[in-house]
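This report concerns only the one structure given below.
Shown next, in the form of structure tokens:
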């Protein structure tokens, strides 16, 4: 199992630090990143959290999926591997 989680439905004002704070209750967080638009720098409403172990990742996903974070309902699921895209 993967230890990286996809987090969708994030409030646009959530920071990397806030995301790490929320997930650290469920285990050790290796990294937490809110994805931002490369032109405006504003949040795109989703991010990724990498936990220390797959067990912690599973526990965090089960505990936080469909919960409310700063006024918005978030979805948390195990991240799928990134697919290679062709240039054409």
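Residue numbers (my numbering): 1 to 88.
For each residue, glycine too, the CB sits at the ideal point set by N, CA and C.
Item, Value
"Residue 49 and residue 4 closer than 9 angstroms at C-beta", "yes"
"Burial state of residue 56 (16 or more Cβ within 10 Å)", "buried"
"In DSSP terms, what residue 6 is bridged to", "48, 77"
"The region 37-44 in contact with the region 52-72 per 3-pair CB rule at 8 angstroms", "no"
"Neighbourhood of residue 33 by C-beta distance below 7 angstroms, restricted to the same chain and skipping five residues each side", "16, 47, 48"
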